[in-house]
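S.K.: Mind having a look at this structure? Questions to follow.
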Amino acid sequence: MFDFSIVTQWFHALLLSFLPEGVAVFLECVIIGLFLLLLYALLACALIFMERKVCAAYQCRLGPNRVGPWGIFQVFADVLKMLTKEIIEIRHADRLLYNLAPYIVVVASVLAFSCLPINKGMEILDFHVGVFFMMAASSIGVVGILLAGWSSNNKYSLIGAMRSGAQMISYELSIGLSIMTVVMLTDTMQFSQIVERQADCWFIFKGHIPALIAFVIYLIAGNAETNRGPFDLPEAESELTAGYHTEYSGMHFGLFYVAEFVNMFIVAGMAATIFLGGWMPFHIPGLDGFNAVMDYIPGFVWFFAKAFFVVFLLMWIKWTFPRLRVDQILHLEWKYLVPIGLVNMLLMAVIVVFNWHF
Amino acid sequence: MNISLQFLVFLFMALVMVVFSILTVTTRRILRAATYLLIVLFCTAGIYFQLDYSFLGSVQLLIYAGGITVLYVFSILLTSAQGDRADRLPAGKFFAGFCATLAGLALCLFITLKHRFLMPQPIAGELDVKQIGFTLLSGDKYGYVLPFEAISLLLLACIVGGILIARKR
């Protein structure tokens, strides 16, 4: 496997040769931040395009096909349009919070995004408590949504924010439980270590039954966490116009929109990392020739392929199922997913203790 | 004078913390106070990360920034309307609060400056989570199993109390 840390170490040494260490580190931080934001924006564009095409396929349409070949420049045109639109200031609202809210949402999702290990040696934030930190970072986004709903001075926004808050706080529990199930199998929370331990076999195969149950729970809860799919009632058009971002216009609306799509990618990337092996190629224990061939495919290709596969699963769910009601969503979480998650964790504990996993 | 990047980052976070702490208690709009508090908690977590104690930093983010603040904001959304403002403090109350703050500051400064700190023996890199976990659940000397269990009892009491209050009958 190609180790990306060779490149970063070479670059660090290059900078150190003519700069003091503090300045070099600062410069590296700035460059990494720029790369991160660029990747963030490009991924959002790719996801929006994919969403339109997938949605069109499920509704027997063609989707965007006028701007560029297969309409691939449509999203960039939309981004330019969004950037040039006026940001409307509304009266009788708390301006400061109204303007701050989209940035809180984006900061939370950038923090969570920077935890994903893309390639070997290409982790930006790789703490010992990586999984825990990622959940902590993504839990901040709900503050931004609540603030947006309240400061818009609009009852639809407020109701949307309330629904979104209740839903995200509830479903965080299921996400935590299903991730914890896998952490029990790995006995580490560091992302690079989690990926390393899947060198012989991915966790979804290693942990067989409980890992599979955890994966399904994770997909359902992840969909709810990003306010998408059958759980998109915080922004249900027919009831609430657009939910918590009704009053937002221009790039402030764009930030919410982008954050929503990248949050979906984060959920998918997380699923790919902890269940499907992250950048680790598909290895079958015993077949050394096959494994060697698989190693020729670079890690980031594996990572993005798996992540986009999970994104496709999430979109499939979204465009297939009708929207749920609020009480149904909360019932599903508290009466079904949380108990199943707890029992599943117990099952995983038994399997780990008796060494019944592969 | 040699100013390191670490020191500059600390200075920045400390400044933000001080400014937003003062804003938290002086603003008259309650939701703004909650937002400023969120920023203060962010910077506290940042300082923990700077000290290479990422576990405590993550806990700070998850429990305080992501948990407690959300709870505050949620309850504010349910109880206060747009445009609500707190009344101005009467001069007497303001003066009393100011005096109490000064006394607290004096006490903190006295203890910090007077205390003879032992030379720290920093461990390179992050603290291993495994070590934290074993210490938290060990019953030996310097083990924390008793406070851990006591806190879980407290949380259980809170949950039961919450159900009792929220029950319809």
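Respectively, the protein sequence lines represent chains A and B. Its first residue numbered 1, the first sequence is counted upward by one per residue in this note's numbering. Its first residue numbered 1, the second sequence is counted upward by one per residue in this note's numbering. Beta carbons: idealized from backbone N, C-alpha and C, even for Gly. A quick note: this is a predicted structure, and the numbers were derived from the prediction, not measured.
#1: Identify which residue in A/295, A/173, A/28 has its Cα closest to the Cα of residue 199 of chain A.
#2: Starting from residue 359 of chain A, trace the alpha helix (DSSP H) in both directions and tell me its first and last residue.
#3: Which residues mark the beginning and the end of the alpha helix (DSSP H) in which residue 325 of chain A is found?
#4: If I'm right that residue 366 of chain A touches residue 175 of chain A with Cβ under 8 angstroms, what's the distance once you round it to whole angstroms?
#5: Short check: CB of residue 41 of chain A to CB of residue 258 of chain A, under 9 angstroms?
#6: Going straight from the alpha carbon of residue 4 of chain B to that of residue 269 of chain A, what length do you get?
#7: Hey, out of B/168, B/34, B/42, B/23, whose CA is closest to residue 13 of chain B's CA?
#8: Please report the straight-line C-alpha distance between residue 129 of chain A and residue 289 of chain A, rounded to a whole angstrom.
#9: For the alpha helix (DSSP H) that contains residue 9 of chain A, what are its first and last residues?
#10: Counting only runs that start and end within the region 80-162 of chain B, where is the beta strand (DSSP E) found for 3 or more residues in a row?
#11: Of the residues A/142, A/171, A/141, which one's Cα is nearest the Cα of residue 330 of chain A?
#12: Only counting the same chain, and skipping five residues up and downstream in sequence, which positions put a Cβ closer than 6 angstroms to that of residue 144 of chain A?
#13: Could you tell me the boundaries of the alpha helix (DSSP H) in which residue 21 of chain A lies?
#14: Answer yes or no: does any C-beta atom of chain B fall closer than 9 angstroms to that of residue 140 of chain A?
#15: Take residue 127 of chain A and list the residues in its own chain whose beta-carbon comes closer than 6 angstroms to its own, dropping the five residues that flank it on each side.
#16: What does the alpha-carbon distance come out to for the pair residue 287 of chain A and residue 300 of chain A?
#17: Check for me: the alpha helix (DSSP H) holding residue 117 of chain A runs from which residue to which?
#18: Chain A beta carbons: is any one of them nearer than 9 angstroms to that of residue 12 of chain B?
#19: With burial defined as no fewer than 16 other Cβ atoms inside 10 Å of the residue's Cβ, what is the status of residue 108 of chain A: buried or exposed?
#20: Report yes if the C-beta distance between residue 136 of chain A and residue 58 of chain B is below 9 angstroms; otherwise report no.
#21: Going by beta carbon distance, what residues of the same chain come within less than 8 angstroms of residue 36 of chain A, once the five residues before and after it are set aside?
#22: One question on the structure: do residue 93 of chain A and residue 151 of chain A come within less than 9 angstroms of each other, judged by their Cβ atoms?
#23: With a threshold of 9 angstroms between beta carbons, is residue 55 of chain B in contact with chain A?
#24: By alpha-carbon positions, which one of A/256, A/78, A/3 ends up nearest to residue 119 of chain A?
#25: Listed in chain order, which residues of the region 36-66 of chain B have Cβ atoms closer than 7 angstroms to some Cβ of chain A?
#26: I need the boundaries of the alpha helix (DSSP H) containing residue 207 of chain A, first residue and last residue.
#27: Between A/250, A/327, A/87, A/142, which lies nearest to residue 260 of chain A when the distance is taken from Cα to Cα?
#28: Within 8 angstroms, do at least three Cβ pairs link the region 229-247 of chain A to the region 146-161 of chain A?
#29: Can you pull the chain B residues whose beta carbon is under 8 angstroms from the beta carbon of residue 26 of chain A, in chain order?
#30: Along chain B, which residues have their Cβ under 7 angstroms away from the Cβ of residue 129 of chain A?
#31: Going along chain E, which residues have a C-beta under 9 angstroms from residue 165 of chain A?
#32: Is the shortest distance between the beta-carbon of residue 31 of chain B and the beta-carbons of chain A less than 9 angstroms?
#33: If you measure from the beta carbon of residue 151 of chain A to each beta carbon in chain B, is any gap under 9 angstroms?
#34: Between the region 82-89 of chain A and the region 9-24 of chain B, do at least 3 Cβ pairs fall closer than 8 angstroms?
#35: Might you give, ordered along the chain, the residues of its own chain that have their beta carbon closer than 6 angstroms to the beta carbon of residue 73 of chain B, omitting 5 neighbours on each side?
#36: What number of angstroms, rounded off, separates the C-alpha of residue 208 of chain A from the C-alpha of residue 219 of chain A?
M.R.: The structure says:
#1: Shortest Cα-Cα distance from residue 199 of chain A to any of A/295, A/173, A/28 involves A/295.
#2: The question about residue 359 of chain A has no answer, for chain A in this structure spans 1 to 358.
#3: Looking at the DSSP string, residue 325 of chain A is not in any alpha helix (DSSP H), and its letter there is neither H nor E.
#4: No answer is possible for residue 366 of chain A: the residues shown for chain A start at 1 and end at 358.
#5: It is a contact, given that the beta carbons lie within the stated cut-off.
#6: Answer to the nearest angstrom: the Cα atoms are 36 angstroms apart.
#7: The closest CA to that of residue 13 of chain B, considering only B/168, B/34, B/42, B/23, is found on B/42.
#8: If you draw a straight line from the Cα of residue 129 of chain A to the Cα of residue 289 of chain A, it is about 35 angstroms long.
#9: That run of the alpha helix (DSSP H) goes 5-16.
#10: Counting only runs of 3+ residues, no beta strand (DSSP E) is found wholly inside the region 80-162 of chain B.
#11: In this structure, A/171 is the residue among A/142, A/171, A/141 with its C-alpha nearest to the C-alpha of residue 330 of chain A.
#12: 101, 104, 105.
#13: First-last of the alpha helix (DSSP H) with residue 21 of chain A: 21-58.
#14: Yes, residue 140 of chain A lies at the interface with chain B (some Cβ there is under 9 angstroms from its Cβ).
#15: Hits under 6 angstroms: 133.
#16: In a straight line, the C-alpha of residue 287 of chain A is about 23 angstroms away from that of residue 300 of chain A.
#17: Counting along the chain, residue 117 of chain A falls outside any alpha helix (DSSP H), and DSSP gives it neither H nor E.
#18: Not closer than 9 angstroms to any Cβ of chain A, the Cβ of residue 12 of chain B fails to qualify, so no.
#19: Taking every protein chain shown into account, the CB of residue 108 of chain A has 16 or more other CB atoms within 10 angstroms, so this residue is buried.
#20: Contact flag set, yes.
#21: Take residue 36 of chain A, set aside five residues on each side of it, and the residues of its chain with a beta-carbon closer than 8 angstroms to its own are 110, 113, 114, 124, in chain order.
#22: Residue 151 of chain A sits close to residue 93 of chain A, with the two beta carbons spaced by under 9 angstroms.
#23: Yes, its Cβ sits closer than 9 angstroms to a Cβ of chain A.
#24: Closest in C-alpha terms to residue 119 of chain A, from the list A/256, A/78, A/3, comes A/3.
#25: Answer set for the region 36-66 of chain B: 38, 54, 55, 58, 61, 62, 65, 66.
#26: Segment: none, residue 207 of chain A is in no alpha helix (DSSP H) and carries neither H nor E.
#27: Scanning A/250, A/327, A/87, A/142 for the CA closest to the CA of residue 260 of chain A turns up A/142.
#28: Touching, yes, given that three or more Cβ pairs across the two stretches are closer than 8 angstroms.
#29: Chain B residues near residue 26 of chain A: 5.
#30: What residue 129 of chain A touches in chain B, judged by beta-carbon distance under 7 angstroms, is 54, 55, 58, 129, going in chain order.
#31: This model lacks chain E altogether; the protein chains it does include are A and B.
#32: Yes, because at least one Cβ of chain A sits closer than 9 angstroms to the Cβ of residue 31 of chain B.
#33: Output row for residue 151 of chain A: interface = yes.
#34: Touching, no.
#35: 34, listed in sequence order.
#36: Going from the Cα of residue 208 of chain A to the Cα of residue 219 of chain A covers about 16 angstroms.
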